[in-house]
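Accompanying notes for the structure given below.
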Amino acid sequence: MKQKRKLRINGHSHLLPYPEEIPQFMKDKGIFWVDKDRKFMLQKDWNRPITDSSFFLNEKLAWMERFKIDHAVVLNLSQLYGNGLRLEEMKQALRFQNDFNGRIQAENPGKFTCGFVVHPGFVRGACWEIERCVEELGMRLLCLPTHYMDTIGTWRCIFDEENEPIFELADKYNLAVEIHPYDGEKFIKLENTAWRFHLIWMLAQCADAYHFLTLNGYYEKYPNMRVCFAHGGQLAQINLGRRIQGFDGRHDLFEGKVHPRKAVGHKNIFFDTLVHDTNSLDLLIKNQGSKQVLIGLDDPYPLGEMESLPQSSYPGKILDLAIERDIINETEKDAMWEDNVLQWLYGDDEKGKQDLTNKILG
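Be aware that the sequence shown starts at 1, since it is given in UniProt numbering, and climbs by one per residue.
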């Protein structure tokens, strides 16, 4: 019997619409757009250079073929979480993002599994959008920010008890959930300099979200919801001992909460590999177990694993280094590229895993 080849599925990717695909109202309202020369992504009073052509669909497909990546999980754009927008503008912007990702997945089912995004500040509307994206668009990955602005302008963690209706639906639909940081400069009162919000505070935002996921015991309360933290939940790994000591030493501050240790290595909590160095990856694997770790390239952003001489990088480099340094073996590496991604996406739905595998293999 011929053995099926191991797949390479990237669990953390991003995709920009071509400029002409973005509705005019997005630019008119300063929400988000791309210039006609495809050099910058823009918002009102903000812009960022487009650093690689693979931000766009056809170029992304060529990039994937070049690096032998069979399939990619496409998250929403962080700029489209909708924080601070008026209600109607937020709904239209998120609807555009979700319809775009839904179309990309429908037209390229063997190449992309795409996520959809909701705004937790409006829970009822978020639940309606979850139902629409799952039942009408056939999507199964819910993208949520680590933090969001509520209706009175207060910043909250995504794993706030007010959002339990969202998690109930994720549980009902057997959804994978991606937790991704952004907007730190809007509520952390520091000057936005030396890229500090991407290099430091984003990782702290992930650690904060992990803190409340585990304290609230949502990984047990919603057993069909599988959560993956972007960027390896990097600060959450080195912070584990402090959280455990704090819980034990000041138990009066944690009444009704679940001990942090109980979540460690839980089968429904995943982390991607985008931690940039093998020592961090080693700690992640030692803490959580290799089965809870999946490959995430965060392409095409410059903090992703992109082909880059200045950064001495290429897609999948960290796993190759981990093999060289005996942090993982070849079986574990293959699982991080395939089995673990499928487990996050589908859980115990073996038919779903097989159906996607068949689409990938054609």
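Idealized CB from N, CA, C, for every residue including glycine.
Residue span of the alpha helix (DSSP H) that contains residue i, given as start and end
i      : result
ASP99  : 87–107
MET41  : Element bounds for MET41: not the alpha helix (DSSP H) but the beta strand (DSSP E), 40–43.
ALA209 : 202–215
TRP344 : 339–346
ALA62  : 57–66
ALA170 : 164–172
ASN83  : Careful: ASN83 lies outside any alpha helix (DSSP H) and carries neither H nor E.
ASN358 : 350–361
Integer-rounded CB distance, given that residue j should sit under 8 Å from residue i
i      : j      : result
LEU281 : ILE318 : 6 Å
CYS228 : LEU294 : 7 Å
ALA204 : ILE179 : 13 Å between Cβ atoms; not a contact.
ALA93  : PHE32  : 7 Å
PHE96  : PRO181 : That belief does not hold up - the Cβ atoms of PHE96 and PRO181 are roughly 22 Å apart, past 8 Å.
LEU16  : PHE40  : That belief does not hold up - the Cβ atoms of LEU16 and PHE40 are roughly 11 Å apart, past 8 Å.
PHE197 : GLY184 : 4 Å
GLY265 : GLY289 : 5 Å
Chain D within 8 Å of residue i, Cβ atoms only
i     : result
PHE67 : No chain D is part of this structure, which consists of one protein chain only.
Residues bridged to residue i (per DSSP)
i      : result
HIS180 : PRO145
PRO49  : PHE40
ARG156 : TYR148
PHE187 : According to DSSP, which records beta bridges pairwise, PHE187 is partnered with nothing at all.
TRP33  : LEU42
ALA72  : ASN10, PHE112
Host beta strand (DSSP E) of residue i (start-end)
i      : result
VAL223 : The question names Val, but residue 223 in the sequence shown is Pro. From DSSP, PRO223 is part of no beta strand (DSSP E); its letter is neither H nor E.
ILE9   : 9–13
Per-residue DSSP class, three states only, for residue i
i      : result
MET1   : Bear in mind that the predicted position of MET1 carries a pLDDT of just 48, short of 50, making it too unreliable to give a figure here.
HIS119 : coil
TRP195 : coil
PHE25  : helix
ARG140 : coil
PRO17  : coil
Check: residue i C-beta below 7 Å from any heavy atom of the ligand SAM
i      : result
GLU350 : Inclusion of the ligand SAM in the displayed structure is not the case, the ligand content being empty and no account of it being possible.
Complete runs of the alpha helix (DSSP H) confined to the segment 262–333 [at least 4 residues]: Runs found: 278–288, 317–324.
Please list the segments of the alpha helix (DSSP H) lying wholly inside the segment 230–262, counting only runs of 4 or more residues, in order along the chain. Segments of the alpha helix (DSSP H) lying fully in the segment 230–262: 234–238, 240–249.
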